[in-house]
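The block underneath contains the structure these notes are about, expressed in structure tokens.
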Amino acid sequence: MGAEATQISAFAAAAAHALCFAGLAAAHSFAGRGALISDPALALRLLVVCEAPLVIVVFSLLRRDPERCSLIKAAARGLLGLPIGAFLNAFGAIVLGAPVGIKYWTATTYWSLLMSLFTFVPAACVFGASKVDWQNVLSYSAVFLFSHASYCTSSNVVDCMISVPSHGAVIGAWLGAWPMPLDWERPWQEWPICVTYGAVAGHLIGMLVSLILIVAHKRRVRVKAD
Amino acid sequence: MAAPASRRRREPSSRSWPLLFVAILAVHSVAIYLFTRGFLLTRTELDVHSHRDDRTGVSPGCSSWPRPAVDRLVIVVLDALRFDFVAPSTFFPEKQPWMDKLQVLQKLAAEEKNSARIFKALADPPTTSLQRLKALTTGGLPTFIDVGNSFGAPAIVEDNIMHQLVKNGKRVVMMGDDTWTQLYPEHFNKSFPYPSFNVKDLDTVDNGVIEHLLPSLRENDWDVLIAHFLGVDHAGHIFGVDSTPMIQKLEQYNKILEDVIDTLKSLSTPGGPHENTLLLVMGDHGQTLNGDHGGGTSEEVETSLFAWSSKTPPDAVLSVLGANSCNFDLYGAEVCISTMQQLDFAATVSALLGVPFPFGSIGRVNPELYALSAGTWDDQKMGVDACTPQNDLEAWKRRYAEALCVNSWQVKRYIDQYSGSSIIGFSAEYLHHVAELYSKAQANWSVALRSTCPSETAEEEFKASSSSPLQLQIDAYSDFLESFAKLARSAWTEFDLWSMGIGLLLMILSVITQACVLVKLNTICQPSDQESTSSRAIPKLSFAFMLVAIRAASILSNSYILAEGRVANFLLATSCIAGVWHSATKGNFSIEEFVFLLLNIFARFGIEFGMSKQIAGPTVTKDHPVSIILDMFGSSFCNGLMDIFPIISLALVAYIVLKFITYAIYQRFLKYFIMSGTILSYIFIANHWASESTLFFHSKAIRDIGISLAPRFVYAIGGFSLAISALCRLFGAIDTLRLNERITSLSAAMLCSWSPTILILLGRQGSFVALICITGAWCIIMLQQKYQKDLKLDIIGVANPVSVTQWSLFAVCLFYLTGHWCTFDGLRYGAAFVGFDHFHIIRQGLLLSIDTFGVSHILPVLSLPFIAVHCYNKASKKSKVKDVTTNILIQVHLMYGLITAIATTLTIICVTIQRRHLMVWGLFAPKYVFDAIGLLLTDFLICLASLFYS
């Protein structure tokens, strides 16, 4: 049904990712080097502020069913998804052992908002409340890891664009938590600095991988068509 | 191992599987025995003491302990003093910034060659402060485990210098590191201890010592003064050797030592208080450039000792001291350096002070240090049998030979006593060799004595040759003492790498075999047509394997060992989140998953709270959530709550357990028996807790009953119901039941007989822990059923590896949750005395081990059958039900054992790699001991379970 409408080119996907990346880069340049270590709350806030409008706008443009759902509505879904996703991420982090305490509250909040931008908001913008699509995106990890079914087919380029970077962000954050107990006594071992580094790195790698997958698939399709 | 395993592969009958587990237990025991023998060097402490009136050998001249040679002794211990801090930089290929900072010592050694000397002192590993202090005072070679009679307290029970000093009326003053007062709680006349645990604090201890040191030097109320500075050690740990704080510390010490020496010099006039005082400035061990110590590298064992005598001995001393390692210092003056073993310290100091040598001392009186004291040159006549010595040197040699004679006699006495009373003695062949050396030396003694009264003609001859009979005698004794020290070193300080390697190899082989058997079992029970389901099980298997592998790999780092509880919790939470993820893709999210997530949060706070107790000190708990809550409500309110709340939650636990019994135990007699036993036990536990608190006003008699008798009733009921359920199993009243029901009944009975005992030992936290346990177990089982249903795996007999892994991770979490951690001071000694006031090694040891391993090993292993049986409820109508149930049961146990074995193997590998690490005795070795005992216990329980349920 909406498959044709969301079929976008590899170039568009690259542009979308480039925009999101530009948001992160801008925040980084505003904050300056080492800001995340010296004042994590401030740096995270900058990241969220720079990244949020970009992500919401970009993925609202890529929304499913553009006829029935206006851009404004998609953006509103994204805005609504931001706190919900933040709550889920924060809950997950606390289950995994993130410190709770008054001095960590602000940093945790901003961190979870950022994670929400990486994981929850794009999906919320694109899919809204469509259960099937959500399950589809979530099950990407299983598909990706354990079977050789074709992914990133032309019908779900957007799925791929959402799913791979968000999985990357989650796995990166999970890996980023590992240096925390080490006794190196470096400032970046504090919560949530290294977890943020991990998440951002994972997200960027995810973007790259999704682009490669999309391009590879397009090329295969073209070869087949020829 | 191979025989039962191969039999298993041929026919998976239910009869041979206990054999498999027995084989695993046997192999693990052998492996751990071998590794432990090589790694954990043990020594038996003898609590025999030397006495002033010991008949020290029959030979003339050495029938009593040596006479005192110094009046007073000042020992300044600079912790972690590297050799190159003291020796002039010209002795080293390159001058480093931290060298030549203790100029005052170098100057003194250059200017007063007769009375001052720098020694290179060689310590023995383990080079940790506690072990070194023990070595310095006992003259022995302390190992990691000194088998003795003390239970938790670090106080030294072996004979030592401090003990001898006190016994012989010497007064000792101590200032500095509080380790001394822990080791010798009642030996000091005066002591000024300062806490040593805060490594980041460079100055508190030092400033405390400085405050007391100089005033004490001017006083006359002591004979031995010990001042222990910690700054250099701490600076090394924090900043490393090549750092400004280190250099500042050394410069500060230089200043202090200058003051000390000036004070001593000013009071050393004849008749003054320090007329015949010996000053020793020494390190207890060295350190690497990073500030680490504990191992046996040359940087760590090379420390230095500086000796200065306020009374100058005659010039003849120089011929004793020798000039073998001399060099010019920065100012062109010649400085000579001698080498001594730290082992010899106790014997030498005892000989100088004229106190009996500590019974366990195996050192030799060091000639150079002995000669430095002018007192040993005093020309004292020794009665009729002595002739007038011809010169100072001969007289000194005679005196030294006598000291060595006593020394050898005392070491021989120790050898005889030790090999008579210790289980792990020395090799007989070597002992024989040493004994021969001794008797040879003794035989010469009378000859040597006679020759000290030489005729006029022989005199010239002695002077010409260095090998006078006296010198020969000294050499003979030294030979004996040195060869015994060598023997003792090989037994007490060197790892037996062969034995360790074989143990490790066996362990790895057994893990591989276990894994192979498991895979074999898996394939046997899978019907061949189910290719698709087996491929669906692969993600689960690899996920479980990943969790186990990460946990095992994390053990390789000391930080993760410290944070092991958190790591286990992190992985458990990861598995749980992965489960949620999985159900989200299926769209059937269930309540158990949410409960499990919440449980993880609870477990996490519990573990953090437990760990905050581990790190002593007030600063840690300040911003902890629990203490914040305490602050909010006020402590008295909280205390009241703390008294009542466990009892309320205990009632809840009791209700759940009773409910569980009615559901799980099918056999009627057993059911009612266990039920009444459980009710009684819980009433007793409640009574016990109520009498401990001040909230309930009982009369004293009732409270006493509650405190001391109630726990004993609980233990008795536990033991009794264990016996009854074993009897039920033996005399097959249960055989009529179906296999599923039988296994459930038996394991429920087991659990219910163990749990009240463990609960009461855990104390107040017990009821919360029990609630967490029950909830966790319920969640894991329910979730497993759910996944099984999802995957439609319930017709094949394959256990779910993720559930077993979760079970094992949960067990690790529970260990830390209950406030344990893997060191010996992490044992909850209080638990050993629940219900008993007096100490009895077996009884209290048993209670302590039940408390330590109860909730993390005993209960999880005993409740393993529930995983197996529950995943199987649905398919009970199939024809092959019996075989399949048994099979799953074996698989679950095997898997659990394998997970534990993998973690332990990694611990062993880690310990092998890190055997020279700074923390090896503080962290890795205790972790190894806990893991090894845990593994053997797990294997043993699995064996029992296999016998019990088969």
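Chains A and B, in that order, are what the protein sequence lines are.
Counting in the working numbering, the first sequence runs from 187 upward without gaps.
Counting in the working numbering, the second sequence runs from -9 upward without gaps.
Where is the CB? At the ideal position from N, CA and C, for every residue including glycine.
Predicted, not measured: the structure shown is a model, and the values here were computed from it.
Check, Outcome
"Counting only beta-carbon atoms, is Gly997 (chain B) nearer than 8 Å to chain A?", "Limits of chain B in this structure are -9 at one end and 940 at the other, which puts residue 997 (chain B) out of reach."
"What number of angstroms, rounded off, separates the C-alpha of Leu752 (chain B) from the C-alpha of Ala713 (chain B)?", "23 Å"
"Closest to Trp55 (chain B) by CA distance: which of B:Phe25, B:Cys395 and B:Thr133 is it?", "B:Cys395"
"Please say whether Asp90 (chain B) and Leu320 (chain B) have beta carbons closer to each other than 8 Å?", "yes"
"With a floor of 4 residues, list each alpha helix (DSSP H) that falls wholly inside the stretch 664 to 735 of chain B, ordered by position along the chain.", "690 to 694 and 700 to 720"
"From B:Lys190, B:Thr117, B:His218 and B:Tyr174, pick the residue whose C-alpha is nearest to that of Ser288 (chain B); which is it?", "B:Thr117"
"On a CA-only basis, which of B:Asn197, B:Leu333, B:Glu176 and B:Tyr174 is nearest Tyr941 (chain B)? Give me that one, please.", "No answer is possible for residue 941 (chain B): it lies beyond the span of chain B, which begins at -9 and ends at 940."
"Would you say Arg728 (chain B) faces chain D, with C-beta separation under 8 Å as the test?", "Here chain D cannot be found, since the structure's protein chains are A and B."
"How long is the line joining the alpha carbons of Val395 (chain A) and Ser195 (chain A), rounded to whole angstroms?", "16 Å"
"Which residues in the same chain as Ile857 (chain B) place their Cβ atom closer than 6 Å to its Cβ, once the five residues preceding and following it in sequence are excluded?", "Ser793 and Val882"
"Going along chain B, which residues have a C-beta under 7 Å from Ile280 (chain A)?", "Ile591"
"When we look at the beta-carbon of Tyr645 (chain B) and count the other beta-carbons within 10 Å, is it buried (16 or more) or exposed?", "exposed"
"Which residues of chain A have a Cβ atom closer than 8 Å to the Cβ of Thr575 (chain B), listed in chain order?", "Gln321, Leu324, Ser325 and Ala328"
"Do the CB positions of Val759 (chain B) and Thr808 (chain B) come within less than 8 Å of each other?", "yes"
"Using 8 Å as the limit for Cβ to Cβ distance, is Phe560 (chain B) near chain A?", "yes"
"Under the DSSP definition of a beta bridge, which residues are partnered with Arg388 (chain B)?", "Partner(s): none; Arg388 (chain B) has no beta bridge."
"Taking CB distances under 8 Å as the criterion, tell me whether Leu368 (chain A) reaches chain B.", "yes"
"Does chain B have any CB closer than 8 Å to the CB of Gly188 (chain A)?", "Annotation note: pLDDT 38 at Gly188 (chain A) (below 50); position unreliable, coordinate value reported separately. Not closer than 8 Å to any Cβ of chain B, the Cβ of Gly188 (chain A) fails to qualify, so no."
"Starting from Lys160 (chain B), follow the alpha helix (DSSP H) in both directions and report where the run begins and ends.", "Here Lys160 (chain B) belongs to no alpha helix (DSSP H), and DSSP marks it neither H nor E."
"Rounded to a whole number of angstroms, what is the C-alpha to C-alpha distance between Ser398 (chain B) and Tyr467 (chain B)?", "7 Å"
"Quick one: residues in its chain with C-beta nearer than 6 Å to the C-beta of Lys612 (chain B), no 5 flanking neighbours on either side, listed in chain order?", "Here Lys612 (chain B) scores only 43 on pLDDT, less than 50, and its place in the model should not be relied on; the value that follows carries that caveat. So no residue of the chain qualifies."
"Near Glu446 (chain B), what residues of its chain come up, given a Cβ to Cβ distance below 7 Å and the 5 sequence neighbours on each side ignored?", "Low local confidence applies: a pLDDT of 42 at Glu446 (chain B) is under 50, so the model's placement there is unreliable, and no value is given."
"Would you report the Cα separation of Gly226 (chain B) and Ser233 (chain B), rounded to the nearest angstrom?", "8 Å"
"Count the other C-beta atoms from every protein chain shown that fall within 10 angstroms of the C-beta of Trp488 (chain B), then say buried if there are 16 or more, exposed otherwise.", "exposed"
"In chain B, which residues lie less than 8 Å from Gly283 (chain A) when you measure between Cβ atoms?", "Arg556, Asn559, Phe560, Ala563 and Arg594"
"With DSSP as the reference, please indicate the residues paired to Phe296 (chain B) in a beta bridge.", "B:Ile108 and B:Val271"
"Whose CA, out of B:Trp435, B:Tyr408 and B:Lys402, lies closest to the CA of Glu472 (chain B)?", "B:Lys402"
"Between B:Ser328, B:Ile65 and B:Gly350, which has its C-alpha nearest Val250 (chain B)'s C-alpha?", "B:Ile65"
"Give me, in chain order, the residues of the same chain whose beta-carbon lies closer than 8 Å to that of Ser500 (chain B); leave out the 5 immediate sequence neighbours on both sides.", "Met(-9), Ile14, Val17, His18, Ala21 and Ala891"
"Can you have a look at Tyr819 (chain B) and say buried or exposed, based on whether 16 or more other CB atoms are within 10 angstroms of its CB?", "exposed"
"With C-beta atoms as the reference, is Gln96 (chain B) less than 8 Å away from Val325 (chain B)?", "yes"
"My parser needs the alpha helix (DSSP H) runs of 4 or more residues fully inside the stretch 750 to 834 of chain B; what are they?", "755 to 781 and 791 to 807"
"Enumerate in chain order the residues of its own chain whose CB-to-CB distance from Ala822 (chain B) is below 6 Å, with the five nearest sequence positions on each side excluded.", "Gln834, Leu837 and Leu838"
"Quick one: what's got a C-beta closer than 7 Å to Val323 (chain A)'s C-beta in the same chain, skipping five residues either side?", "Ala309, Asp345, Ile348 and Ser349"
"Please report the Cβ distance between Ile848 (chain B) and Leu931 (chain B), rounded to the nearest whole angstrom; I am assuming they are in contact, meaning their Cβ atoms lie under 8 Å.", "7 Å"
"Which same chain residues end up closer than 7 Å to Arg702 (chain B) when comparing Cβ atoms and leaving out the 5 residues on each side of it in sequence?", "Gly825"
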